[in-house]
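Residue 1 is where the sequence shown starts when you use full-length UniProt numbering, and the numbers rise one by one after that. All residues carry an ideal CB built from backbone N, CA and C; glycine is no exception.
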Amino acid sequence: MADMDGKMISIFKESTTSSELHEAMRDIVKLAGVLKEMSDEDYFQSPVKLLKVLRLLNILQEEALGLSEQEMENEKSIYYRYRNLYGEDEDMSLDDVKHLVYVLGKYNWIMKTPSSIKMRSLGKRLLDLLIRLANDSLAYYLHDDITRSLFQAKRDAELSEAYDDKGISGGNKLASMIRNVEEAVKLLKERELEYLANRHALTQVQLINTLMEELEVKMNERIRAFETFEDSLPLTNLFQQGIYTISEGIKISLGTINKIVKFTNLQQTEQTHTIRPELIRNYMIKTFHNPYDEDPDPHQILSFMEQDQYEDEAMDGMWIPVKFAAPLTAEDILDGIDYIENYEPATNEIEEILFIEYGEPEELSDEEIAGKMEESQWKMTKEQIPTEHIERYLEESGGQAQLHSLVFEVGEGKWGDALQSLLGVAAMVSNQRAELGEEIKSNTKITTDTDWEWMEGDLHGRKTVRARKPKR
């Protein structure tokens, strides 16, 4: 128990400016980088892919520890060693091995030279961590629901002994151990009826009880060890909670074992034909005040009862099933009975959901689509250049007019209005809303002076402007 009177070495208590802390965090980054590179994009394929990667890494580790017969000269040596150990594998090709070596070199796990591939100190430490983590997980999943929590609590105690006792923080392992024991006790309470109804559950409950007793010893050792730390004072309530929880778990598991034994020998007990009220009264009081008594309570007895165990028993009285479902506790049954007795059916009218009929989608031809586009473009043009007054003048003139007359009549002889009129005519012509025709003589004689005039020799003013409809 070295260094038990000092402070724990913990990343959470180290200064962020510490160079050692930065190096430690870089190790974690390099571990995460390798795992990300080596895992499969498909989530369900990742476990198998990662296992094969760990096999390759283990080959490199064995070589680094001197356990292999010869050095790993290059990627081919690793590949053929893998095939020799695990056989042909379509999912692990030579290219995969080369990629792995590249990734390991990228994150500084290995050192590659022209004649050999060797693991660096960083690679050895992180690979040891990965293999321990995988083996711990495998051992965890080999247990059932309750013993998983107890197994993890035991591992917490062992890790606390391996780390905390050496002055290195194991990460609140004592609190984790107590929490795992609490979860195991909770599951044991919920599944007690299932264990009582199962004729073959005695071995399982005995295993749980043994683990509980071992954990009690481990927990007491851990609590005594932690009392020497400076940071142990805030954990006093947690220590008391852990002691209470483990003692409660031992009582429940031991009581369940004794109940199973009594149920097993129930048919061999003597039967009496005399009712003794005082014994029944004492039994009721005892089961009410002591839930962890070795004698089963009425609810447990009913859950264990079977039908037709004796001659002419099948039709007598009330038949109770062999066992209730595991999650169905006494409180759940009472809630269900109360719900049935006080159930009130819904009286609101059923809302009718209107059925929406969807018609066939309207299809447009290429010409119709082009026409829609031209119409949209024409509307956008009219937003910029007003043409309503020109269209109205052409309509009043029978659909056509001389350009000179149109510009004069619409623009009232003003130069700016004449320019706006010409822009409007140009917009209509370009959008196929009007066209320019041959020269004609105007019947309108213009006597009013204007501040504009056509250039000498320019005959555009005599051209005809005709309104038209677009082709589409």
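Would you say the region 80–90 touches the region 6–19, given that touching needs at least three Cβ pairs under 8 Å?
Output reads no: the region 6–19 does not touch the region 80–90.
What is the DSSP secondary structure of residue 110, counted as helix, strand or coil?
Correct three-state label for residue 110: strand.
Give me the residue from 110, 135, 116, 115 with the minimum Cα distance to residue 123.
Closest by C-alpha distance to residue 123, out of 110, 135, 116, 115, is 110.
Best match in 276, 155, 107 for proximity to residue 138 [C-alpha to C-alpha]
Taking only the C-alpha atoms, the option nearest residue 138 is 155.
Can you tell me which of 197, 175, 252 puts its alpha carbon nearest to the alpha carbon of residue 211?
Nearest C-alpha to residue 211: 252.
So residue 73 and residue 63 are in contact, right, with Cβ under 8 Å, and what is the actual spacing, rounded?
About 10 Å separates the two Cβ atoms, so there is no contact after all.
Would you tell me roughly how many angstroms separate the C-alpha atoms of residue 343 and residue 241, rounded to the nearest one?
Near 41 Å, if we compare the C-alpha coordinates of residue 241 and residue 343.
Would residue 410 and residue 393 be called neighbours here (beta carbons separated by less than 8 Å)?
Their beta carbons are under 8 Å apart, which means residue 410 touches residue 393 by this criterion.
Since I believe residue 61 is in contact with residue 127 (beta carbons under 8 Å), could you give me their beta-carbon distance rounded to a whole number of angstroms?
About 5 Å; that satisfies the 8 Å criterion.
Which residues DSSP lists as bridging residue 118, in chain order:
In DSSP, residue 118 forms a bridge with 111.
Unbroken alpha helix (DSSP H) run spanning residue 432, endpoints
Judged by DSSP secondary structure, residue 432 falls outside any alpha helix (DSSP H); it is assigned neither H nor E.
Am I right that residue 162 and residue 177 are in contact with their C-beta atoms under 8 Å? What's the rounded C-beta distance?
Taking C-beta atoms under 8 Å as the contact rule, residue 162 and residue 177 fail to qualify, at a distance of about 13 Å.
In the DSSP assignment, the beta strand (DSSP E) including residue 401 goes from what residue to what residue?
Segment 400–402, the beta strand (DSSP E) holding residue 401.
Got a sec, what are the start and stop residues for the alpha helix (DSSP H) residue 237 sits in?
Looking at the DSSP string, the run of the alpha helix (DSSP H) that includes residue 237 is 236–264.
Would you check if the region 376–388 and the region 415–426 touch, i.e. whether three or more CB-CB distances between them fall below 8 Å?
A contact exists between the region 415–426 and the region 376–388.
Rounded to whole angstroms, what's the CA-CA distance from residue 340 to residue 48? Just pull it up for me.
Going by the C-alpha atoms only, they are around 50 Å apart.
Skipping 5 residues on each side, what residues in its chain have a beta carbon closer than 6 Å to that of residue 378?
For residue 378, where only same-chain residues beyond five positions count, the Cβ hits under 6 Å are 431.
Could you pull out every residue in the same chain whose Cβ sits closer than 6 Å to the Cβ of residue 182, ignoring the five residues on either side in sequence?
Same-chain partners within the cutoff: 245.
If you compare alpha carbons, which of 186, 416, 190, 202 is closest to residue 332?
Looking at the Cα atoms, 190 is the closest of the given residues.
If you draw a straight line from the alpha carbon of residue 193 to that of residue 150, how long is it in whole angstroms?
If you take the alpha carbons of residue 193 and residue 150, they lie about 20 Å apart.
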